[in-house]
Amino acid sequence: MVFIYGLILESLRGQYKITWNVANYAFMFTVLFFGLVGSGEISTLTFLTIAIQHFFIIYLTFKTNNIFVKNMYIPAITIGSLFMLLIGVDVFDQTPSYQYTFYSIMAIVYSLLSYVKNKSHTELKNIFFVISMFYIFILLNDIVIDPSSKLILFTMQAVLVYYFAQIRKSILGTIASIILLLSVLVQLFDKPGYMLSLETVVVWMIIISFFFVLYIKETITKIIDRNIMKSTLPYIIEVLLIIFISKMAYYFTDDSSLMIKNIGLSLSWIIIVGVTYGLFSYFKEKVWKNIGLIFLFITLLKVTFYDLSGIDVVWKAILFIILGVIGLLISKVFYTKK
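Counting from 1, position 89 in the sequence shown corresponds to residue 179 in our numbering; the numbering is continuous, with no gaps.
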């Protein structure tokens, strides 16, 4: 192992890519082979050996300040961090306190590495940032028991990761935040309306507000093109509003008849149409007008061909009055624009 350490050091200094790669991956294979075959198990010594090699390579990388060897050290350090995670989970999994300590220490270490004052290795520091956020994610997932509380924490983490990723101009961080946010949205979409709780409502509000802030404050986003953000965010916001308000409508009409549920859903959609045209009036962006017209047409089709066929005269009158008011407001908006 000392010999392989020497090969790594010399090959990195002399930029011998083939020798360096052979030495690096041969070292990890040797440690795992003797850990699994020699003793029959992975121990703390195995973890410490991999950790020493891992941070030794990181130290050499920062010391050389050589961008030429970037395609050598980024895969090696990334694979090394994965090895450390897998071995660490296996070694410290028996005792929860040890496992939480391991996650916390690794999150702190990688977070500190991501802020090393070195302009030559921006990509590597961004990788360290994403790895530290991943350890925090695992730690929160293990510590927090309540699923709704997990959703709140993961949503806040996704928002913070996105914000810091834009400051660092990190593509990896941006992708990681979007993936984390999508995992939260999948769970929210999967929850029926009658299972809404205060925590899930808070999560919905945070996510919708997050996209609104991105739409209003264009300067926050540094990675994605602003024109793309400006043209796609209104559709994302509208879809989220539709799903959220529809779930709220089902929650409040859960114990009611099917007719009341359908009417409640239609009324919630009419409210969304009104909100959309309010956004069009405020932002002066035609995309909001187009979205409002499309969804108004969908709502009218639902009311006309589905709701009105099976409801009482009183409810028909109420729906027509509400639709008339919405139509007057929309026509007033158009008249003002002209």
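From the three backbone atoms N, C-alpha and C, an ideal C-beta is built for every residue, glycine too.
Should residue i go down as buried or exposed, given a rule of 16 or more other Cβ atoms within 10 Å for buried?
| i | result |
| --- | --- |
| residue 245 | buried |
| residue 346 | exposed |
| residue 192 | buried |
| residue 215 | buried |
| residue 196 | buried |
| residue 139 | buried |
| residue 177 | buried |
| residue 305 | buried |
| residue 130 | Note that residue 130 scores a pLDDT of 48, beneath 50, so its modelled location is shaky and nothing firm can be said. |
| residue 165 | exposed |
| residue 174 | buried |
| residue 394 | exposed |
| residue 184 | exposed |
Between the alpha carbons of residue i and residue j, how many angstroms are there, rounded?
| i | j | result |
| --- | --- | --- |
| residue 307 | residue 314 | 13 Å |
| residue 412 | residue 359 | 12 Å |
| residue 396 | residue 354 | 13 Å |
| residue 329 | residue 368 | 16 Å |
| residue 388 | residue 336 | 14 Å |
| residue 292 | residue 350 | 26 Å |
| residue 365 | residue 225 | 40 Å |
| residue 210 | residue 187 | 37 Å |
| residue 378 | residue 357 | 20 Å |
| residue 152 | residue 310 | 30 Å |
| residue 371 | residue 382 | 11 Å |
| residue 297 | residue 320 | 17 Å |
| residue 147 | residue 316 | 38 Å |
| residue 168 | residue 264 | 18 Å |
Compare the beta carbon distance of residue i and residue j with 7 Å and say whether it is the shorter of the two.
| i | j | result |
| --- | --- | --- |
| residue 242 | residue 289 | yes |
| residue 300 | residue 327 | no |
| residue 134 | residue 181 | yes |
| residue 284 | residue 232 | no |
| residue 223 | residue 206 | no |
| residue 334 | residue 363 | no |
| residue 221 | residue 260 | no |
| residue 255 | residue 267 | yes |
| residue 341 | residue 286 | yes |
Item to check | Completely contained alpha helix (DSSP H) runs for the segment 259-295, where each covers 4 or more residues | outcome: If we require 4 residues or more, the alpha helix (DSSP H) runs fully inside the segment 259-295 come out as 261-280.
Item to check | Complete runs of the alpha helix (DSSP H) confined to the segment 287-368 [at least 4 residues] | outcome: 288-306 and 316-342
Next on the checklist: Quick check for students: name the residue ranges of the alpha helix (DSSP H) that lie wholly in the segment 193-245, counting only runs of 4 or more.
Outcome noted: 212-233
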